[in-house]
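Numbering-wise (my numbering), the sequence shown opens with residue 57 and increments by one. For every residue, glycine included, the Cβ atom is placed at its ideal position computed from N, Cα and C. These numbers were taken from a predicted model, which means no experiment stands behind them.
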Amino acid sequence: MEPIKEQFPILSYADFYQLAGVVAVEITGGPEIPFHPGREDKPEPPPEGRLPDATKGSDHLRDVFYTMGLSDQDIVALSGGHTLGRAHKERSGFEGPWTSNPLIFDNSYFKELLAG
Numbered sequence: 057m058e059p060i061k062e063q064f065p066i067l068s069y070a071d072f073y074q075l076a077g078v079v080a081v082e083i084t085g086g087p088e089i090p091f092h093p094g095r096e097d098k099p100e101p102p103p104e105g106r107l108p109d110a111t112k113g114s115d116h117l118r119d120v121f122y123t124m125g126l127s128d129q130d131i132v133a134l135s136g137g138h139t140l141g142r143a144h145k146e147r148s149g150f151e152g153p154w155t156s157n158p159l160i161f162d163n164s165y166f167k168e169l170l171a172g
């Protein structure tokens, strides 16, 4: 990523992650999402324990995110990207994909979440 960052120093790493998400959603059949740069990189990661446990269901998501002041609509927007890709244990504590087909943008993450 460093060679690309050097070519576009005005963009933050957070912007690059956001842009990667925008492109991933689009090329996997999802909607076109406008990209707006301007995110600020943080020097340290957030404290441990602030993110939900990936092995628990929708009630757990609500418990965690309601304490942050988020609505159900916010939770859907924030969590919806989990239909794509997979997690890595060394980064999140969870290993593997969240859906049976992590290369297709659809609502399977929510179907599986609600199914328990």
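Could you tell me the alpha carbon to alpha carbon distance between residue i and residue j, rounded to whole angstroms?
i	j	result
P93	K61	14 Å
R118	T84	28 Å
P101	N163	29 Å
H116	D128	12 Å
How would you label residue i, buried or exposed, when you count the other beta carbons within 10 angstroms and need 16 or more for buried?
i	result
L159	exposed
T123	exposed
F161	buried
Among residues of its own chain, excluding the 5 on either side of residue i, which ones have a beta-carbon nearer than 8 Å to its beta-carbon?
i	result
E82	E88, I89
Are residue i and residue j closer than 8 Å when you measure CB to CB?
i	j	result
A80	L140	yes
Can you tell me the Cβ-Cβ gap for residue i and residue j, rounded? I've got them flagged as a contact below 8 Å.
i	j	result
D71	R95	5 Å
F91	L75	6 Å
So, for residue i: in the same chain, excluding its five sequence neighbours on each side, which residues have a beta-carbon less than 7 Å away from its beta-carbon?
i	result
G77	G137
I'd like the list of long-range same chain contacts for residue i, defined as Cβ closer than 6 Å, with 5 residues on each side in sequence excluded.
i	result
F121	I131
P153	R142
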